[in-house]
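The sequence shown begins at 4 in the working numbering and counts up one residue at a time. In this text, a Cβ means the ideal position worked out from N, Cα and C, and glycines have one as well. Keep in mind that this is a model prediction, so the values were computed, not measured.
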Amino acid sequence: LTYGEFDLDFLKLILDKHDPGPGTRFMDVGSGTGRCTLAAALLRPSWALCTGLEILPEMTAYAREVHAALLSSCGSSSGAPLARCEFVTADMYSSDGGDAASATAADYDLLFAYSTAWPSDVGDSPLYLRRLSRALAARLTVGAVVVTVDKRLRAEDGFELVMAYEGENRETGESTAYV
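Here you go:
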């Protein structure tokens, strides 16, 4: 696995353009240390839930620690409001039904995946994410919005490209967000 942190200014731009509104349920697929999940919760305090889904338990544990520290600091009168957050160790690709977060991905309105370093399947164009496309197609409800970075979901799996945004990414120089 390759780890990276997404540019928060670029995330804000994406959320500003694709905010479903109050009550939104947001999932960061491959959330790592929870940075984007927490940023979304701070930027959109009216959202119902911001979930970080991460396969590595150590990363999930760290995200929970940072979240607890943030909640502690927000307890003061000068603290910023934030949407409810949760961090779950789970595998989006699991099909055994025992994986609560991946099984309930259908409950989310907006999903985000910083997929720059995610592998493309052998034989596929390096621009597409076949495995993620299939996993999400099997779980999401019609109308859910998915944002991937530098790699796209496949039309063959029922995904329609609505917009593409170029933006600064301090890790890669520039990235494209596909909505």
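Short CB-CB distance (under 8 Å) between residue i and chain C
| i | result |
| --- | --- |
| G37 | Protein chains in the displayed structure number just one, and chain C is not present. |
Heavy atom of the ligand PLP within 7 Å of residue i beta-carbon
| i | result |
| --- | --- |
| T151 | Of the ligands one can find in the structure shown there are none, so the ligand PLP has no counterpart to examine. |
Beta-carbon contacts of residue i that lie in its chain and below 6 Å, excluding the five residues immediately before and after
| i | result |
| --- | --- |
| S80 | Any reading at S80 is ruled out, since the residue's pLDDT is 48, under 50, leaving its predicted position unreliable. |
| Y168 | A180 |
| I58 | D94 |
| D22 | none |
| C53 | F29, T40, A43, A44, A86 and C88 |
| P25 | S49 |
| V165 | V182 |
| P60 | T92 |
Three-state class that DSSP yields for residue i in the structure shown
| i | result |
| --- | --- |
| S136 | helix |
| F9 | coil |
| E177 | strand |
| A158 | helix |
| D110 | helix |
Residue span of the beta strand (DSSP E) that contains residue i, given as start and end
| i | result |
| --- | --- |
| F115 | L113 to A116 |
| T119 | Unbroken run through T119: none, as it is neither H nor E. |
| V152 | V148 to V152 |
| E163 | From DSSP, E163 is part of no beta strand (DSSP E); its letter is neither H nor E. |
Sequence-distant residues of the same chain with beta carbon closer than 8 Å to residue i, five excluded per side
| i | result |
| --- | --- |
| D10 | G170, E171, N172, R173, E174 and S178 |
Beta carbon of residue i nearer than 8 Å to that of residue j
| i | j | result |
| --- | --- | --- |
| Y131 | R155 | yes |
| D19 | F115 | no |
| S34 | L56 | yes |
| L85 | P48 | yes |
| V150 | V182 | yes |
| L139 | T27 | no |
| T188 | G7 | Because the chain here runs from 4 to 182, residue 188 falls outside it and cannot be looked at. |
7 Å CB neighbourhood of residue i in its chain, flanking five on each side removed
| i | result |
| --- | --- |
| A109 | R142, L143 and T144 |
| R137 | D160 |
Complete beta strand (DSSP E) runs within the region 20-100 (minimum length 3 residues, chain order): 28-32, 52-57 and 88-92
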